[in-house]
Structures are given as structure tokens and as C-alpha cells.
Amino acid sequence: IAYETTRGAARFSVVERRYVIFPQRSGTIVIDPLVLEGRLGRRGSFFDRNSGRYVRKQSEALELEVRPIPESFTGQAWLPAEALQLTEQWPGNNGEWRAGEPLTRTLTIKARGLTASQLPEIKMLLPDGIRQYPDQPQLKTGSADKTTLSSRSETIALIPAKEGQYTLPAIEIPWWNTRSDTLEFARLPERTVDVLPSLNNLADSTTQPVPATAPVTAGNLPAQAATPPGSVTHQDNALFWQTLSAALALLWLATVVVWWWNRRTQPQDSDAWAPAAVMTDLQQACDNNDAVAAQSALLRWAKNRWPGNKINSLGALASRVDGKLQVELHSLSRALFSAQGENWNGSALWQACQNEMKQREQQQTVPRRQLEPLYRN
1 IAYETTRGAA RFSVVERRYV IFPQRSGTIV IDPLVLEGRL GRRGSFFDRN SGRYVRKQSE
61 ALELEVRPIP ESFTGQAWLP AEALQLTEQW PGNNGEWRAG EPLTRTLTIK ARGLTASQLP
121 EIKMLLPDGI RQYPDQPQLK TGSADKTTLS SRSETIALIP AKEGQYTLPA IEIPWWNTRS
181 DTLEFARLPE RTVDVLPSLN NLADSTTQPV PATAPVTAGN LPAQAATPPG SVTHQDNALF
241 WQTLSAALAL LWLATVVVWW WNRRTQPQDS DAWAPAAVMT DLQQACDNND AVAAQSALLR
301 WAKNRWPGNK INSLGALASR VDGKLQVELH SLSRALFSAQ GENWNGSALW QACQNEMKQR
361 EQQQTVPRRQ LEPLYRN
């Protein structure tokens with residue numbers, strides 16, 4: 001930030017730089033002084049700027065005390081923030097939701113004092129009978145009033161298999177309020193939805209069967225056959241609506257598949273697990289139970305695995321993986337922020353990393369999984 005200020009009778013040009021610091025472990029952190037070197041120009045020496053007096057200025061070192069994670073915090077991902085909220089958005093469809101039709105639910109976390117890479121993945125449990133097809137999350141990080149602002153939006157297509165009443169469980173994210181120094185929860189209440197029958201089923205149910213008639217022979221053929229008014233028209237209309245319903249159902253199904261597949265087609269992660277040197281450092285750190293060195297190696301691995309994303313914390317890395325590795329990453333993060341960080345045992349983390357490597361290799365040798373069927377037999 002560049003601006004001018006006046007002190008006494010003198011006017012100064014000011015260049016101000018602001019830094020956001022996210023400590024990765026508890027304890028004392030020392031920030032080294034900033035050093036500025038230059039020359040003070042003399043009046044009338046515009047063409048000889050090297051003739052001024054040499055100056056060297058430096059700021060004072062800063063010492064910060066980072067507190068450990070409170071024992072009362074119950075969440076997996078450590079989220080210290082000035083404010084955090086969880087919201088949802090549904091499309092305006094007059095509250096109607098029919099079987100076999102996709103409905104989009106958008107969940108958004110907004111935080112003050114965190115970057116987007118630190119925000120966790122939103123876990124959404126669904127009842128049996130509803131499938132979910134998530135899109136890639138949208139991450140945004142900015143600043144305002146000397147504070148970092150961030151958001152994470154996840155869009156999920158929900159498709160019910162049949163009509164009925166479903167209850168979507170509540171979603172709850174624990175976070176730590178740094179202003180009040182208390183544990184709080186961002187929460188969405190459970191929601192009960194009624195799913196109406198498919199329009200295709202409704203069209204089939206309204207089609208009346210054609211009554212059986214006696215066969216017409218030459219013996220009982222009247223001189224002038226009388227056709228009941230509207231009977232032929234009714235049969236033609238039924239056949240027309242059946243054909244139209246089937247065509248619309250096939251068209252809708254193709255649209256859903258293409259829509260979901262196109263939205264899922266994003267730049268893929270790097271197939272390389274990590275350079276050998278990084279894995280060697282990680283194994284050595286785990287063998288020595290060195291939590292700080294393990295964190296450093298993991299963040300270097302994340303930079304190689306997801307080169308297009310800024311993953312600068314274990315929490316951000318944990319949101320990219322699942323299973324045992326995710327659990328061990330949260331355990332490492334807690335150890336770094338706790339007073340007993342030296343007691344961390346790295347064997348479980350290294351085992352989880354090895355399992356991840358094996359799973360990654362198996363996925364590379366198997367063709368990409370096809371889209372799950374919308375309905376199960």
C-alpha cells in the first residue's frame with residue numbers, strides 16, 4: 001500500500017506491506033527484523049543518486065506466543081476464526097421435488113480470519129434412496145479491514161430414486177471463536193422433504209386400458225358400422241402421450257448424465273505421488289517422531305500432488321484426502337498445537353501414507369470408474 005503522510009512540517013511517502021501469518025504449531029515464534037538499505041539523496045543531485053548518504057535501517061524482532069488447541073475443542077479440523085457461518089441455497093422450484101429429477105443444493109462456509117484452503121470439506125449424510133453427485137468446490141480468499149475473508153461453496157446434485165418423505169440430517173461444523181475464546185458451532189438444521197411421483201409414472205397411470213370388443217366378422221358386420229364418437233381419438237391420444245413421455249424421459253436422462261459428467265470434468269490431480277526425496281524425508285520424520293519435519297514434508301508433497309492449489313496447512317491437506325490418512329493428518333495437527341507435541345508417534349501416519357500410495361497405484365492401473373447408475377435394480 002502506497003500513500004503519503006505528514007509529520008510536523010515534513011511530508012513523507014510511505015510504502016506499507018501487510019502480512020498474514022498462520023502458525024503451524026504452538027509455542028514461541030520469533031519473527032526476524034526486516035532490513036532496509038538505501039541512500040538518502042541530496043538536494044540538487046538528481047543525476048548522481050549514488051552520492052547520497054548510505055543508510056541501513058531495521059525493525060525490531062517480534063516474539064509471538066501461539067497457544068495450543070483448547071482441550072474443549074471437539075472438531076477434527078482446527079478452525080480458529082473471528083466469525084464463521086454455514087449457509088445453504090436451494091433452487092426456486094415452488095417446493096416441488098419429483099422422483100428421478102435432480103435438485104441442486106449449494107452449501108457455503110464463510111469465515112473471517114481463515115484462508116479458503118483452511119476451510120474443511122462439508123460432510124453431508126443422506127438417507128437411503130437419494131444419490132448425490134458433488135461438483136468441484138469453489139474457493140475464494142480476499143481481505144478487508146486488515147482481516148482475511150474466505151469462502152468455500154460446494155454444489156451437490158441430489159436425485160431421489162422414488163417418491164416418499166425423506167429427512168436430510170443436520171450439518172454441524174465446530175469452530176473456535178478467537179474474539180470470545182469459546183467453542184461455537186455453525187449449523188444447518190435437519191430438513192424434511194416430500195418427493196412427488198415421477199411425471200413419467202403419472203402419465204402411465206392416467207392412460208386407461210382400451211376395452212376388449214368382440215371380433216368383427218362378415219356375419220355380424222352391420223350394413224353401416226357405427227363408431228362411438230371419440231373412441232379412436234382417445235386411443236390415439238393415449239399412444240401419443242405414452243410415446244412423448246418415453247421420449248422426454250430418455251432426453252432427461254441423457255441431459256442429467258451429460259450435465260453431471262461435464263461439471264465433473266476438471267483438471268485432474270497430478271498422478272505422481274511425490275518425489276523420492278520428499279518421501280524419504282517423510283519416512284525419516286515419522287521414524288524419528290518429528291512432527292515439525294513431518295508437517296514440512298507433507299506440505300511439500302501436497303505442492304507436488306496438487307500444483308494448482310495453495311495448500312499451506314495440514315487442515316487444507318486433510319480436506320483433500322479421506323480415510324485413515326485424513327485421521328492421521330488431524331492427529332498430527334493436534335500434536336503440533338498441543339503442549340505434548342514431542343510425544344507424537346509417526347508410525348501410524350507413515351502406514352497411512354503407504355496405504356495411500358498403494359491405492360493410488362491401483363487406481364492408475366484400472367480404467368476410470370464409470371458413472372454410477374441413477375437407479376439400482
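Using the numbering used here, you'd call the opening residue of the sequence shown number 1 and step up by one each time.
Virtual Cβ for every residue (Gly too), placed ideally from N, Cα, C.
In the structure shown, residue 61 falls within a coil segment according to DSSP collapsed to helix, strand and coil. Taking 7 Å as the cut-off, the Cβ atoms of residue 183 and residue 72 count as close. If you check the CB distance, residue 190 and residue 170 come in under 7 Å. A residue is called buried once 16 or more other Cβ atoms fall within 10 Å of its Cβ, and residue 34, having fewer, is exposed.
One thing to note: residue 335 has its Cβ within 7 Å of the Cβ of residue 344. Three or more Cβ pairs drawn from the region 106-121 and the region 79-87 lie within less than 8 Å of each other, which places the two stretches in contact.
Rounded to whole angstroms, the gap between the alpha carbons of residue 305 and residue 21 is 24 Å. By the Cβ neighbour-count rule, residue 17 is exposed, with fewer than 16 other Cβ atoms within 10 Å of its own. Taking C-alpha positions only, residue 302 is separated from residue 101 by approximately 38 Å. The residue among 75, 103, 347 and 316 with its C-alpha nearest the C-alpha of residue 186 is 75. Among the bridge pairs identified by DSSP, residue 140 is matched with 151. Just so you know, the alpha carbons of residue 14 and residue 5 end up roughly 7 Å apart. Using a Cβ-Cβ distance cut-off of 8 Å, the region 60-72 and the region 117-127 are not in contact, since fewer than three pairs of beta carbons, one from each stretch, lie closer than that value.
Per the coordinates, the alpha-carbon of residue 41 lies some 22 Å from the alpha-carbon of residue 59. Distance from the Cα of residue 181 is smallest, within the candidate group 27, 23, 361 and 80, for 80.
Distances from the alpha-carbon of residue 151 to those of 12, 106, 178 and 348 put 106 closest. In the structure shown, residue 110 falls within a strand segment according to DSSP collapsed to helix, strand and coil. Between the C-alpha atoms of residue 326 and residue 350 there is a straight-line separation of about 12 Å.
Between residue 316 and residue 117, the C-beta spacing is below 7 Å. Cβ-Cβ separation between residue 348 and residue 330: approximately 12 Å, too far for a contact (criterion under 8 Å). Residue 167 counts as exposed, since fewer than 16 other C-beta atoms from the protein chains shown sit within 10 angstroms of its C-beta. Under a 10 Å Cβ-count criterion, residue 248 is classified as exposed, with fewer than 16 other Cβ atoms of the shown protein chains found around its own Cβ. Put simply, of 296, 53 and 144 the residue whose alpha carbon is nearest the alpha carbon of residue 277 is 296. Within the model, the alpha-carbon separation for residue 3 versus residue 292 is close to 40 Å. Excluding five sequence positions before and after residue 26, the CB atoms of its chain that fall closer than 8 Å to its own CB belong to 66, 67, 68, 69, 336, 337, 338, 339 and 341, given in chain order. The beta strand (DSSP E) runs lying completely inside the region 8-41 and spanning 3 residues or more are 10-15, 27-31 and 35-40, given in chain order.
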